[in-house]
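This is how it looks when you write it as structure tokens:
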């Protein structure tokens, strides 16, 4: 509790005080037991317990005096009284205490703003968080963000900013994945958080079954729009692609059979079927899933499969009319196929595209394309 309240102003001080009161009560109870009597080993045992409890309370005082909270001055007075005339403040503690006071004073404007503003204190917390980021102490940044989330657990923007900070700065497996788990429970309607969660699980090398479970949980949320599902499916397919690239399957040399049976291909087919059954062809207006899979086939050095996917995509009128999508196919052919195949795609595209045929013609005649690869 005291760790989680190290930046909670007056409330933090109250928690520390309650903790100290508890430890002081234990110390007093031990002292009473000694006074009530006890001989030999019992008395020695009680005295040892008293000495240990006194050390524990002394350490607690010193911890509190090192934390930038309100009321530190009164805590120092109380500590000196508790030490008595025989005790003294060490140089180390005095230095930590002075640092805590200085830090506390710099935080007071932000704490005051929180106290006088109305919940959920969105702007006030944002200013506080930006201040802590400038100070450069990740632990304190996390504490303030946690306070902000506690006051408004449904703030999707705050959660996404928090997750980004953890991914980029903290990078501790248990912390990052724990917060992702809380985030998807609090804001399950944000598809990008589910997508990032799967990526984080793979980054920290969880078994792929964990990613599968996250996908299934995400799909249960009943998103109302296709882009949300596409975001989740693309992230899932990308996880499969990384798995394949960096942990390749052992095959017996049969390329076509091994590709068809790879988990990525199965996941891709499921993703396409899911989106089509839920939203129809309008669900993936840019053919993003198919284009992703076609590029994977290109990288796999399987241009025939790549062409089959792209050709099948343009069987549908919704894709056939889009010049930009034809250019995607052309670029794939230039990367993984041949100039002749790219030229064939250009020719089909110019005949079929209706939204921007000029784009296709300009690219076809661009010096880096036809002028370079064409023949007299």
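In my numbering, the protein residues as written are 4 to 379. Beta carbons: idealized from backbone N, C-alpha and C, even for Gly.
Is it buried or exposed for residue i, if we count other Cβ within 10 angstroms and need 16 for buried?
| i | result |
| --- | --- |
| residue 67 | buried |
| residue 227 | exposed |
| residue 281 | exposed |
| residue 298 | buried |
| residue 144 | buried |
| residue 267 | buried |
| residue 285 | exposed |
| residue 331 | buried |
| residue 341 | exposed |
| residue 217 | buried |
| residue 93 | exposed |
| residue 361 | exposed |
| residue 16 | buried |
For residue i, which of the options has the nearest alpha-carbon?
| i | options | result |
| --- | --- | --- |
| residue 293 | 310, 153, 106, 246 | 310 |
| residue 154 | 167, 168, 166, 118 | 118 |
| residue 70 | 19, 58, 278, 81 | 19 |
| residue 109 | 131, 125, 91 | 131 |
| residue 265 | 79, 350, 240, 279 | 240 |
| residue 56 | 191, 78, 24, 247 | 24 |
| residue 211 | 247, 184, 186 | 247 |
| residue 62 | 74, 51, 73, 82 | 82 |
| residue 195 | 101, 163, 216, 208 | 163 |
| residue 85 | 111, 58, 72, 106 | 58 |
| residue 303 | 39, 335, 192 | 335 |
| residue 158 | 137, 187, 171, 139 | 187 |
What span of residues does the alpha helix (DSSP H) with residue i cover, start to end?
| i | result |
| --- | --- |
| residue 161 | 159-168 |
| residue 214 | 211-222 |
| residue 114 | 94-119 |
| residue 284 | No alpha helix (DSSP H) holds residue 284; DSSP gives it neither H nor E. |
| residue 314 | 306-316 |
| residue 302 | 291-302 |
| residue 84 | 75-86 |
| residue 380 | Nothing can be reported for residue 380: it is not among the residues displayed for the chain, which extend from 4 to 379. |
| residue 183 | 176-189 |
| residue 351 | 342-355 |
| residue 132 | 125-138 |
| residue 366 | 360-367 |
| residue 322 | 320-323 |
| residue 240 | 229-249 |
| residue 329 | 326-339 |
| residue 200 | 194-206 |
Identify, in the order they occur along the chain, each residue of the same chain with its Cβ nearer than 7 Å to the Cβ of residue i, setting aside the five sequence neighbours on each side.
| i | result |
| --- | --- |
| residue 338 | 301 |
| residue 290 | 316, 322, 328 |
| residue 134 | 113 |
| residue 79 | 68, 100 |
Looking only at its chain, what residues have a beta carbon closer than 6 Å to the beta carbon of residue i, apart from the 5 residues adjacent to it on each side?
| i | result |
| --- | --- |
| residue 21 | none |
| residue 198 | 234, 235, 238 |
| residue 242 | 201, 205, 214 |
| residue 116 | 127 |
| residue 275 | 292 |
| residue 344 | 336 |
Short of 8 Å in beta carbon distance, which residues of its chain neighbour residue i, apart from the five on each side in sequence? Order them along the chain.
| i | result |
| --- | --- |
| residue 27 | 60 |
| residue 96 | 65, 68, 69 |
| residue 364 | 353 |
| residue 182 | 165, 166, 169 |
| residue 270 | 239, 240, 243 |
| residue 173 | 141, 145, 179 |
| residue 176 | 207 |
| residue 147 | 10, 128, 131, 132, 135 |
Return yes when the C-beta of residue i is under 8 Å from any heavy atom of the ligand SAH, and no when it is not.
| i | result |
| --- | --- |
| residue 158 | This structure lacks the ligand SAH; in fact it carries no ligand of any kind. |
Using 9 Å as the limit for Cβ to Cβ distance, is residue i near chain B?
| i | result |
| --- | --- |
| residue 276 | Chain labels in this structure do not include chain B; a single protein chain is all it has. |
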